[in-house]
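J.:
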Amino acid sequence: MGRIVLEQVTKSFGDVTVIPPLDLTIEDGEFAVFVGPSGCGKSTLLRLIAGLEDVTSGVIRIDGQDATTISPAKRGLAMVFQSYALYPHMSVRKNIAFPLRMAGLDKAEQDRRVNQAAAVLNLTDYLDRRPGQLSGGQRQRVAIGRAIVREPAAFLFDEPLSNLDAALRVGMRLEISELHKRLETTMIYVTHDQVEAMTMADKIVVLRAGHIEQVGSPLDLYHAPRNLFVAGFIGSPKMNLISGPEAAKHDAHTIGVRPEHIAVSATDGEWSGVVAVSEHLGSDTFFHVHGTGLADTITVRAGGEVGFRHGDRIHMTPRADVIHRFDEQGLRIA
Amino acid sequence: MARAVTPQRKLINTAVAWMVGLLIFFPILWTILTSFKTEATAIADPPVWFFFDWTLDNYRVVQERSDYSRFLWNSIIIAGGSTFLGLLIAIPAAWSMAFVPSKRTKDILLWMLSTKMLPAVGVLYPIYLIFIQFGLLDTRIGLTIVLMFINLPIMVWMLYTYFKEIPGEILEAARMDGAGLREEILYVLTPMAIPGIASTVLLNVILAWNEAFWTLNLTAAKAAP
Amino acid sequence: MATKASRAAARLMLAPAVILLLGWMLVPLTMTVIFSFKRYLPMRGGDLGWVGFENYARFVNSSAFWPAVQSTLIIVGGVLLITVVLGVVLAILLDQPMWGQGIVRILVIAPFFVMPTVSALVWKNMFMDPVNGLFAHLWRFFGATPVSWLSEASMSSIILIVSWQWLPFATLILLTAIQSLDSEQLEAAEMDGAPPLSRFFHITLPHLARAITIVVLIQTIFLLAVFAEIFVTTQGAFGTRTLTYLIFQRVLESQNVGLGSAGGVYAIILANILALFLMRIVGKNLDR
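Residue numbers (our numbering), protein chains in the order written: chain A, 28 to 361; chain B, 42 to 266; chain C, 370 to 657.
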């Protein structure tokens with residue numbers, strides 16, 4: 028059981044306020060992702076929940092109990108660190124068993140749980156190696172193994188995939204998602220990568236400068252970003268943001284159009300410009316278009332192979348039903 | 042600089058390095074050789090190198106005349122003891138400074154180092170008096186304590202530099218895994234810092250071993266190393 | 370990693386070291402300062418009352434004072450120069466690929482393990498003795514008159530002995546630093562056409578700056594207090610009386626604690642002036 032509630036939590040380092048008063052509830056069994064640019068306070072927030080930092084004020088509840096002043100060791104949470112933080116002087120087996128040893132479990136029970144975790148994570152063959160002899164992905168699994176043997180109330184992940192190469196990252200992402208489905212334990216996952224957030228989360232918490240910009244399911248955020256920041260942050264490639272006369276036509280200060288919601292044509296369309304770069308991925312083609320008079324660059328995503336090249340004139344038409352409108356404060360107009 | 046070099050180059054390196062090495066080592070070698078000579082061979086002119094009647098007489102005489110082995114034992118106990126005591130105090134202090142740094146950490150560290158700058162002669166007589174007062178003069182305990190104090194700043198400093206290279210995340214991981222402060226230091230930090238601790242211990246034993254000023258002035262016979 | 374709990378723990382764990390060192394420093398220091406204002410002769414009447422700055426004036430005005438300061442600085446400076454320059458050369462040499470590298474390194478480092486008293490005795494009796502010393506044999510072999518080293522070239526002899534003891538330390542620290550030098554930097558410089566000598570001055574030497582600072586700092590601390598070598602070899606005669614030795618003589622040989630304490634305060638001041646310079650440099654390099 029791991030329902031985590033933050034009530035009016037703040038954190039400052041000296042005079043610098045990192046987290047202004049913040050309320051947040053993460054339901055039991057939920058996969059919550061904290062996402063935001065670097066320095067937005069997402070890691071600090073995670074460390075507050077972990078107990079590695081003190082809150083300046085406010086209350087943290089884990090399963091209804093006030094955990095604000097409880098030491099990290101006693102909160103019943105497990106954490107996977109960015110650098111994996113494996114104990115280099117211990118074998119994989121000892122690493123995974125360490126929390127159990129600290130909890131004072133007997134040797135047989137330790138072995139049973141370590142073997143079980145190793146089987147789940149495909150680590151059985153590596154149990155007697157040292158972390159230094161493992162690949163990045165294997166180390167990551169050991170770190171996860173160390174977390175799951177404790178059967179914690181919630182897992183905390185601090186950018187766990189950022190040290191892995193691209194291919195491995197996709198694989199581990201799937202493994203973590205699968206693990207969550209199987210364990211049904213609360214997970215809080217911090218990342219700056221919106222793709223990880225979109226693919227894994229039940230609930231995404233978008234943070235900027237310690238503020239929560241929006242909380243919602245991935246598709247909520249995609250379809251109805253609450254403000255310009257979320258609109259620009261969620262989605263890849265980024266949403267095109269256009270202000271000025273074109274936005275005024277839609278009674279808005281700024282309008283946003285996702286690249287995938289623009290149709291292209293060689294002959295006619297609402298907008299036109301010159302292709303600066305075209306990226307051919309096979310399944311999709313991205314065009315970065317200059318000289319539209321709307322914004323510096325308009326990005327368009329077309330399905331399949333579409334044959335525009337550098338320097339070609341291109342005509343574009345946005346889908347009217349999915350244009351996002353924002354007012355002067357950058358807030359969404361419903 | 043692990044680059045391939047020509048064998049000639051390596052040969053020259055080897056020859057030069059060995060020559061320099063042997064030159065620096067020579068006084069020790071000569072001492073060892075001489076210790077096996079009789080008094081007459083030792084002062085022979087020209088000096089005799091290897092072909093003399095090797096004898097252990099000198100060692101026997103030294104042991105008989107002054108119970109040399111007891112002095113040796115004193116040295117070992119004092120150097121080892123002061124190092125051990127120093128570690129007990131220095132490891133926690135270095136942990137604090139390396140992992141929970143505050144604005145004053147650097148000042149404290151520099152201040153500690155500056156106590157080393159205090160010339161021993163400046164405080165010789167007061168220490169002498171204090172030692173008489175507490176009956177520590179010419180005891181092994183007294184000398185152990187003094188040597189511990191003398192080398193404590195260097196120990197703290199060295200351990201601090203080594204500890205700083207250990208990522209804090211690993212200690213945090215231990216904390217998340219349910220380790221208390223004692224377990225964190227005992228099971229995680231210390232084993233990881235073994236190489237650093239070992240070189241600290243080595244340097245400290247040597248420094249204690251080499252410390253002559255206090256040893257000469259605070260001891261006479263019993264505790265003399 | 371800074372919760373209130375861990376900060377409290379940190380303070381608690383730092384406390385013993387700070388308190389002990391503070392006591393170790395303050396108690397004797399205070400006593401020394403008090404003694405320095407007194408006429409205090411333990412063997413001839415004990416505490417004879419306050420005398421103001423008389424001890425300080427007498428110590429400075431004694432004919433031995435300035436020569437002692439001078440000898441101290443010459444010994445410290447000479448040994449530092451020799452050990453740092455030779456240390457850099459040796460470190461580079463020992464870093465080259467060769468056969469038996471491990472053994473050579475042990476040979477070079479060995480003198481550090483010899484007690485100063487022992488090494489001084491060895492040098493005095495087996496090398497520098499004008500009749501039976503090895504140097505005397507060598508001189509006679511070439512037909513020269515043996516030099517009585519410790520009286521005729523006393524300063525150079527002591528600097529030689531002390532340098533021999535400290536060279537291993539300098540070499541060891543500098544060798545560790547050289548090994549951490551990124552070889553790609555040197556290779557890049559070689560590609561850029563820098564000849565070996567300028568590679569040394571522009572890349573190797575700056576890289577060693579921090580290690581050299583450490584060597585200079587630590588050695589200065591110990592060299593200021595060089596004692597055993599002088600005690601064993603010349604007993605402070607022939608112009609080798611350092612400040613440390615002078616004060617030692619005043620306190621223990623002439624049993625004039627007041628005068629010696631005033632000397633101690635001077636020594637502390639001298640050490641602090643040097644320390645101030647060094648601390649600045651080290652403080653700057655410490656965070657790197």
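Even glycine gets a Cβ: it sits at the ideal position worked out from N, Cα and C.
Which residues does DSSP list as the beta-bridge partners of Tyr409 (chain C)?
T.: Taking the third sequence and counting its residues from 1, one reaches residue 409 (chain C) at position 40. Answer is C:Asp416, bridged to Tyr409 (chain C).
J.: With DSSP as the reference, identify every bridge partner of Met343 (chain A), one or two as the case may be.
T.: Locating residue 343 (chain A) in the first sequence gives position 316, where the first residue counts as 1. Paired residues: A:Val291 and A:Trp298.
J.: Please classify Arg376 (chain C): does DSSP put it in a helix, a strand, or coil?
T.: In the third sequence, counting from the first residue as 1, residue 376 (chain C) sits at position 7. DSSP places Arg376 (chain C) in helix when its eight states are reduced to three.
J.: Tell me the DSSP bridge mates of Asp185 (chain A)?
T.: One-based indexing of the first sequence puts residue 185 (chain A) at position 158. A:Val217.
J.: By Cβ distance below 8 Å, which residues in the same chain neighbour Gly198 (chain A) in space, the five residues on each side in sequence not counted?
T.: On the first sequence, residue 198 (chain A) is found 171 positions in, with the first residue counted as 1. Cβ neighbours of Gly198 (chain A) beyond the five flanking positions: Gly164.
J.: Exposed or buried, which one is Ala193 (chain A) when buried takes at least 16 other CB atoms within 10 Å?
T.: As a working note, residue 193 (chain A) is residue 166 in the first sequence. Flag for Ala193 (chain A) reads exposed.
J.: Taking the straight line between their C-alpha atoms, what separation do you get for Met370 (chain C) and Ser110 (chain A)?
T.: The residue given as residue 370 (chain C) occupies position 1 in the third sequence. The residue given as residue 110 (chain A) occupies position 83 in the first sequence. Confidence is the limiting factor: at Met370 (chain C) the pLDDT is only 46, short of 50, which leaves the residue's position unreliable and the question unanswerable from this model.
J.: Please classify Lys38 (chain A) as buried or exposed, where buried requires at least 16 other C-beta atoms within 10 Å of its C-beta.
T.: The count along the first sequence starts at 1 and reaches residue 38 (chain A) at position 11. Result: buried.
J.: Under a CB-based cut-off of 8 Å, is Gly237 (chain B) close to chain A?
T.: In the second sequence, the residue the question calls residue 237 (chain B) occupies position 196. Cβ-Cβ to chain A under 8 Å: no for Gly237 (chain B).
J.: Buried or exposed: which applies to His317 (chain A), given that a residue is buried once 16 or more other Cβ atoms fall within 10 Å of its Cβ?
T.: In the first sequence, the residue the question calls residue 317 (chain A) occupies position 290. The residue in question, His317 (chain A), is exposed, as its Cβ has fewer than 16 Cβ neighbours within 10 Å.
J.: With H, G and I counted as helix, E and B as strand and the rest as coil, what does DSSP make of Ala265 (chain B)?
T.: On the second sequence, residue 265 (chain B) is found 224 positions in, with the first residue counted as 1. For Ala265 (chain B), the predicted structure reports a pLDDT of 48, less than 50, and the residue's modelled location is therefore unreliable. The matter cannot be settled from this model.
J.: Establish whether the CB of Ala377 (chain C) and some CB of chain A are separated by less than 8 Å.
T.: Here residue 377 (chain C) corresponds to residue number 8 of the third sequence, with the count starting at 1. Chain A contact via Cβ: absent.
J.: Buried or exposed: Met495 (chain C), going by 16 or more other Cβ atoms within 10 Å of its Cβ?
T.: On the third sequence, residue 495 (chain C) is found 126 positions in, with the first residue counted as 1. So Met495 (chain C) ends up on the buried side.
J.: Check Ile282 (chain A) in the structure and name its three-state DSSP category.
T.: If you number the first sequence from 1, residue 282 (chain A) lands on position 255. Three-state result, Ile282 (chain A): strand.
J.: Among A:Lys134, A:Lys121, A:Ala180 and A:Met129, whose alpha-carbon lies nearest the alpha-carbon of Thr151 (chain A)?
T.: The residue given as residue 151 (chain A) occupies position 124 in the first sequence. Checking every option, the nearest Cα to that of Thr151 (chain A) belongs to A:Lys121.
J.: Please report the straight-line C-alpha distance between Arg657 (chain C) and Met199 (chain B), rounded to a whole angstrom.
T.: Sequence index remark: in the third sequence, residue 657 (chain C) carries index 288 (1-based). Sequence index remark: in the second sequence, residue 199 (chain B) carries index 158 (1-based). The predicted model places Arg657 (chain C) with a pLDDT of 47, which falls under 50 and marks its position as unreliable; any figure quoted below should be read in that light. The straight-line gap from Cα to Cα measures roughly 15 Å.
J.: Just verifying my parser: in three-state terms, what is the DSSP assignment at Met106 (chain A)?
T.: To locate residue 106 (chain A), count along the first sequence from 1; it is residue 79. In this structure, Met106 (chain A) counts as strand in the three-state DSSP scheme.
J.: Are the beta-carbon atoms of Ile119 (chain B) and Ala249 (chain B) separated by less than 8 Å?
T.: Within the second sequence, residue 119 (chain B) is the residue found at index 78, counting from 1. Within the second sequence, residue 249 (chain B) is the residue found at index 208, counting from 1. Contact flag set, yes.
J.: Return yes when the Cβ of Leu536 (chain C) is within less than 8 Å of the Cβ of Val457 (chain C), no when it is not.
T.: For the purposes of this step, residue 457 (chain C) is taken as the residue at position 88 of the third sequence. For the purposes of this step, residue 536 (chain C) is taken as the residue at position 167 of the third sequence. No. Outside cutoff.
J.: Skipping 5 residues on each side, what residues in its chain have a beta carbon closer than 8 Å to that of Thr185 (chain B)?
T.: Within the second sequence, numbered from 1, the residue matching residue 185 (chain B) stands at position 144. Closer than 8 Å at Cβ, skipping near neighbours: Ile118, Ile119, Gly122, Ser123 and Leu126.
J.: Please report the distance separating the alpha-carbon of Ser440 (chain C) from that of Arg74 (chain A).
T.: Walking along the third sequence from the start, residue 440 (chain C) turns up at place 71. Walking along the first sequence from the start, residue 74 (chain A) turns up at place 47. The alpha-carbon atoms of Ser440 (chain C) and Arg74 (chain A) are separated by roughly 59 Å.
J.: Mapping DSSP to helix, strand and coil, what is Met42 (chain B)?
T.: Within the second sequence, numbered from 1, the residue matching residue 42 (chain B) stands at position 1. With a pLDDT of only 43 at Met42 (chain B), under the threshold of 50, the placement of this residue in the model should not be trusted; the figure read from the coordinates follows. Coil at Met42 (chain B), not helix or strand.
J.: Taking 8 Å as the threshold (C-beta atoms), are Val301 (chain A) and Phe314 (chain A) in contact?
T.: Within the first sequence, the letter at position 287 stands for residue 314 (chain A). Within the first sequence, the letter at position 274 stands for residue 301 (chain A). No; because the gap between Cβ atoms is not below 8 Å, this pair is not in contact.
J.: For the region 197 to 219 of chain B, which residues have a CB atom closer than 7 Å to at least one CB atom of chain A, in sequence order?
T.: Pro208, Glu210, Ile211, Glu213, Ala214, Arg216, Met217, Asp218 and Gly219
J.: In the DSSP assignment, find the unbroken beta strand (DSSP E) run with Asp50 (chain A) in it and report its ends.
T.: Here the question's residue 50 (chain A) lines up with position 23 in the first sequence. It spans Val43 to Ile53 - the beta strand (DSSP E) in which Asp50 (chain A) sits, taken as one unbroken run.
J.: Just by C-beta distance, which residues in the region 105 to 133 of chain A are closer than 7 Å to chain B?
T.: Ala105, Met106, Phe108, Ser110, Ala112, Tyr114, Pro115, His116, Phe125, Pro126, Met129 and Ala130
J.: Determine, for Gly78 (chain A), whether the minimum Cβ-Cβ distance to residues of chain C falls below 8 Å.
T.: As a first step, residue 78 (chain A) is located in the first sequence; it is residue number 51 there, counting from the start. Yes - at least one Cβ of chain C is within 8 Å of the one on Gly78 (chain A).
J.: Going by Cα to Cα distance, which pick from C:Gln465, C:Met484, C:Phe422 and C:Leu593 is closest to Ala56 (chain B)?
T.: Position 15 of the second sequence holds residue 56 (chain B). Taking only the C-alpha atoms, the option nearest Ala56 (chain B) is C:Gln465.
J.: With 9 Å as the limit, tell me which residues of the region 78 to 105 of chain A have their beta carbon closer than that to any beta carbon of chain C; keep them in chain order.
T.: Under the 9 Å Cβ criterion, the region 78 to 105 of chain A contributes Gly78, Leu79, Glu80, Asp81, Thr96, Ser98 and Pro99.
J.: Using 8 Å as the threshold, is the C-beta distance between Met400 (chain C) and Pro167 (chain B) below it?
T.: In the third sequence, the residue the question calls residue 400 (chain C) occupies position 31. In the second sequence, the residue the question calls residue 167 (chain B) occupies position 126. With respect to the 8 Å criterion, Met400 (chain C) and Pro167 (chain B) are classified as neighbours on the basis of their beta carbons.
J.: Quick one: list the residues of chain A neighbouring Pro142 (chain B), beta-carbon separation under 8 Å, in chain order.
T.: As a position in the second sequence, residue 142 (chain B) is number 101, starting the count at 1. Chain A residues near Pro142 (chain B): none, gap ~13 Å exceeds 8 Å.
J.: Need the endpoints of the beta strand (DSSP E) that Val36 (chain A) sits in, please.
T.: Along the first sequence, one-based indexing puts residue 36 (chain A) at 9. Where Val36 (chain A) is concerned, the enclosing beta strand (DSSP E) stretches over Ile31 to Phe40.
J.: Alpha carbon to alpha carbon, how far is Leu462 (chain C) from Asn54 (chain B)? Give it in angstroms, no decimals.
T.: Counting from one through the second sequence, the residue named residue 54 (chain B) turns up at place 13. Counting from one through the third sequence, the residue named residue 462 (chain C) turns up at place 93. Rounded to whole angstroms, Asn54 (chain B) to Leu462 (chain C) spans 7 Å at the Cα level.
J.: Can you tell me where the alpha helix (DSSP H) with Ser155 (chain B) in it begins and where it stops?
T.: For the purposes of this step, residue 155 (chain B) is taken as the residue at position 114 of the second sequence. Run containing Ser155 (chain B): Thr146 to Thr156, per the alpha helix (DSSP H) assignment.
J.: Give the DSSP bridge partners of Gly243 (chain A), in chain order.
T.: To locate residue 243 (chain A), count along the first sequence from 1; it is residue 216. Looking at the DSSP assignment, Gly243 (chain A) forms a beta bridge with A:Ile231.
J.: State the DSSP-derived secondary structure class of Arg568 (chain C), mapped to helix, strand or coil.
T.: The residue you call residue 568 (chain C) lines up with position 199 of the third sequence. Here Arg568 (chain C) carries a helix assignment [DSSP, helix/strand/coil].
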